[in-house]
Structure formats: structure tokens, C-alpha cells
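Below is one structure, written out as C-alpha cells; the observations come after it.
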Amino acid sequence: MATLRLGDTAPDFTAVTSEGTLNFYDYLGDGWGILFSHPADFTPVCTTELGTAAKFKDEFDKRNVKMMALSVDGAESHKEWIKDINETQQTVVNFPIIADEDRKVSDLYDMIHPNANDTLTVRSVFIIGSDKKVKLILTYPASTGRNFYELLRVVDSLQLTANHKVATPANWKNGEKVVVSPAIPTEEAKQIFSRGVEEVKPYLRLTPDPTA
Ligand code: BEZ
């Protein structure tokens, strides 16, 4: 399939998972989603990532984001691996892991990069909005575990900028000042953002986080 890009509709699928057969869109409902792939079961970095994801589930729930992981091994293997993850990471894996043995979902989302490895998936992340559009794509190599604080931070930015005429600056965290959208003239911005607009340059205007 053609490479997925930001703004594209996230492909729907029905897949066997560690929690039974699930349809992706039904699983997401009208909320947001994170779909992330792992190279293989019983691998060390993936074990820490899935344990970390489980510990972050409450934070994703607060933001109405459902997680679904993927690995190219089978559901029975996933269930055995989950026991190890729960034991070693002191958590309970509380979201489904797709058993993508036939690589159907991996191909749909272009998660196999043959010049990195021709059978295993790389560490892909797709954040999908409630409109089912792809909002963020990240690709990490197998050897680098992902930063789940960053994924939460991006969700915060995406959800804020979806609802307000702002963008978020480098290293922004929830509650910090945001950038007024470049499309809005400063005089109009002052009407919209009653808590003040600081004009650093005509093209760089800051305002308090409108949700803080
Ligand atoms: C891991 O998850 O630990 C891993 C998987 C494939 C290659 C390297 C590391």
C-alpha cells in the first residue's frame, strides 16, 4: 500500500489480539488511539515498553486515548509473554496486542522496513484522532525504546491545538505558554486570548495555555 501520511484516514482492520478478535474502529469508538508496533515477543526492550505503556494507561484514559500494540507473533505467544511483562515490570498489561502473524496490519501501516529487517516490524507509533485521521507518525529502530512521556506530551499538544487557535513550542508541556497560530493577526489574537498576548516578534506571539 501507499505510505501513510499525516492527515490520511487510518486504515481499519479486524485482527486477532491477546484479548480476542477486535475491529480497530469499534475498539477506538469515538475516542483517540495509539497503535504501536514491536519487533517480536520475548525481547527485552519491548518488554520494558509494554510494561511502561500499561503503567501509563490511566493517563491515556484521561485523554480518551486507547492503546493497541502489535507484534508479529501469535496470540498464544503474546499471552505467555504478557505473564513475563507483568512479572518483570510489576504491572498488568491492560490493552490488546495484535497477533500479526500474517503481517496484514504491519503491511497496512507500513511497519516493516526491509532495509532494517525484512521480517520484523520496526517501532512505529501512530496517533489517530477521534476523526480517524492520522495525527502523528514516529518510527524508531528496534534498538531504541520509546519515550511514553513524549507520547503523552504530543497527545496533549494535538488535543489542545485541535480545539484552540494555538501551536505548542519546543519542549512544551501541559500548562506552559503556547504560541498563537500564525494565521491570526495580533489584534484579533488579543480579542480571542483575553489572558494576554505577548508579542515577541510580529510572527512570534505567546499566550497562556487556554486550558490551564
Ligand atoms: C528488543 O525489543 O529488545 C529488541 C528487539 C529486536 C532487536 C533489538 C532489540
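If you're matching positions, the sequence shown starts at 1 in UniProt numbering and goes up one per residue. In this text, a Cβ means the ideal position worked out from N, Cα and C, and glycines have one as well. This structure is a prediction, so every number in the text was calculated from the model and none was measured.
Extent of the continuous alpha helix (DSSP H) to which residue i belongs
| i | result |
| --- | --- |
| residue 4 | It is not in any alpha helix (DSSP H) - residue 4 carries neither H nor E in the DSSP assignment. |
| residue 83 | 75–89 |
| residue 157 | 148–163 |
| residue 192 | 186–192 |
| residue 62 | 57–62 |
Residue i vs residue j beta-carbon contact at 7 Å
| i | j | result |
| --- | --- | --- |
| residue 67 | residue 60 | yes |
| residue 139 | residue 124 | yes |
| residue 105 | residue 4 | no |
| residue 86 | residue 57 | no |
| residue 79 | residue 18 | yes |
| residue 126 | residue 137 | yes |
| residue 77 | residue 41 | yes |
| residue 22 | residue 96 | yes |
| residue 12 | residue 24 | yes |
| residue 75 | residue 99 | yes |
Of the listed residues the options, nearest to residue i (C-alpha basis)
| i | options | result |
| --- | --- | --- |
| residue 212 | 206, 32, 181 and 176 | 176 |
| residue 27 | 74, 82, 128 and 205 | 128 |
| residue 84 | 208, 58, 70 and 46 | 46 |
| residue 102 | 87, 181, 121 and 195 | 121 |
| residue 48 | 62, 22 and 82 | 82 |
| residue 63 | 152, 147, 200 and 172 | 152 |
| residue 132 | 20, 31, 21 and 148 | 31 |
| residue 146 | 33, 200 and 38 | 38 |
| residue 201 | 180, 191 and 195 | 180 |
| residue 6 | 198, 144 and 109 | 109 |
| residue 143 | 44, 29 and 10 | 44 |
| residue 29 | 65, 91 and 172 | 65 |
| residue 170 | 154, 191 and 91 | 154 |
Distance between residue j and residue i (C-alpha atoms, nearest Å)
| i | j | result |
| --- | --- | --- |
| residue 187 | residue 167 | 18 Å |
| residue 210 | residue 189 | 12 Å |
| residue 208 | residue 174 | 11 Å |
| residue 193 | residue 161 | 14 Å |
| residue 141 | residue 15 | 24 Å |
| residue 165 | residue 118 | 42 Å |
| residue 73 | residue 185 | 53 Å |
| residue 35 | residue 70 | 8 Å |
| residue 205 | residue 163 | 18 Å |
| residue 52 | residue 178 | 28 Å |
| residue 10 | residue 130 | 11 Å |
| residue 196 | residue 203 | 16 Å |
| residue 89 | residue 150 | 20 Å |
| residue 50 | residue 198 | 42 Å |
Start and end residues, beta strand (DSSP E) containing residue i
| i | result |
| --- | --- |
| residue 104 | Not the beta strand (DSSP E): residue 104 falls in the alpha helix (DSSP H), residues 104–108. |
| residue 198 | 198–201 |
| residue 17 | 14–17 |
Neighbour flag for residue i against chain D, beta carbons, 7 Å
| i | result |
| --- | --- |
| residue 21 | Absent from the structure is chain D; it holds one protein chain and no more. |
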